[in-house]
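Numbering (this note's numbering), first residue to last: 19 to 377. Take a look at the structure set out below.
Spelled out as structure tokens, the structure:
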């Protein structure tokens, strides 16, 4: 599959009509009547009958293929075309943003909205900018998380962020402590008949653990927010069901991946897990827990297996200098190399056929 940053080149496909028009042949045939003599007849232009007929069909095919290959090569090749640009956070303070742009001398530069993961996006699309282009990022500090490793850039990128001050944070702090937010966990309990009450009791106990900081919501069908599916049936689930994790009471023929499952022992529980297109599958003889100690051990094991994501720290204002001497390989244009070779071969073949037709 060919990926391209300039798919509009494919709009040039109607140019294939040119060689088709060139290869039409107008064949003329005279209409003549047999006479003994035409000496005393007035002069008149002969009547002509035009017949369209294709000629040199192989040459026509080669020329059409050459044009298609040329368009494909142009569509797969990326040429730097952007100049000075400001990547502006739409949620940043307008007055502050204008001050930063003016201070950087980028008032006349093109402005585009800062996409999510701005530094990574700029790293992937940096080849669109000309070598002499200047880049300025103006954003709120929380919009650009500090990366563990700054992506290498071929251009000098100036980053100007507005971090919340301590005074503003103190002013915006509420007078009374707010109630802690409860983390929502969306779980699907399906196929459970006899063990359904046991699973519901277990999830209710999970919700009361940890000072009630987490809430477990049960549903009948998965959504995009579903984290866990508890499947208690020997039959196969619907084909479109997906979730990061699955709890299975026992190995089932509907999940052949469990035949080569790995074993993990944690908190005295033996868990088997395997990855599948539906998500990671978990099974254990302790599913569902039949006593309080097993339920507590499963809760602690699940907390250890689901670490909380690290908080994102805002990136301070800085200038990211160039760390690469040349632009990286154009990932989106890998087909251009072999397309250029195909184009060269078709051009040589077209020249050979044209010469053979004239000789």
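Note that beta-carbon positions come from the ideal geometry of N, C-alpha and C, so glycine has one too. Quick caveat: nothing in here was measured; it's all calculated off a predicted structure.
Query, Result
"Measuring alpha carbon to alpha carbon, tell me which residue in 87, 39 and 369 is nearest residue 28.", "87"
"Would DSSP call residue 162 helix, strand or coil?", "coil"
"Taking the straight line between their C-alpha atoms, what separation do you get for residue 77 and residue 34?", "13 Å"
"Can you tell me which of 161, 157 and 79 puts its alpha carbon nearest to the alpha carbon of residue 368?", "79"
"Under the DSSP definition of a beta bridge, which residues are partnered with residue 332?", "163"
"For residue 12 versus residue 275, is the C-beta spacing smaller than 7 Å?", "Since the first and last residues shown for the chain are 19 and 377, residue 12 lies out of range."
"Beta-carbon within less than 7 Å of residue 254's beta-carbon, same chain only, minus the 5 sequence neighbours each way: which residues are those?", "272"
"Mind checking which residues open and close the alpha helix (DSSP H) that includes residue 278?", "No alpha helix (DSSP H) contains residue 278, which DSSP labels as neither H nor E."
"Tell me the DSSP bridge mates of residue 41?", "Paired residues: none, contrary to the question."
"Taking the beta carbon of residue 107 as the centre, do at least 16 other beta carbons fall within 10 Å, making it buried, or is it exposed?", "buried"
"Check each candidate in 116, 290 and 223 and name the one with the smallest Cα separation from residue 312.", "223"
"Quick check on this structure: which residue in 217, 150 and 307 has the alpha carbon closest to the alpha carbon of residue 173?", "150"
"If you draw a straight line from the alpha carbon of residue 75 to that of residue 146, how long is it in whole angstroms?", "41 Å"
"How about residue 264 and residue 299: are their beta carbons less than 7 Å apart?", "yes"
"Taking the alpha carbon of residue 102 as the point to measure from, which residue in 125, 81 and 238 has its own alpha carbon closest?", "125"
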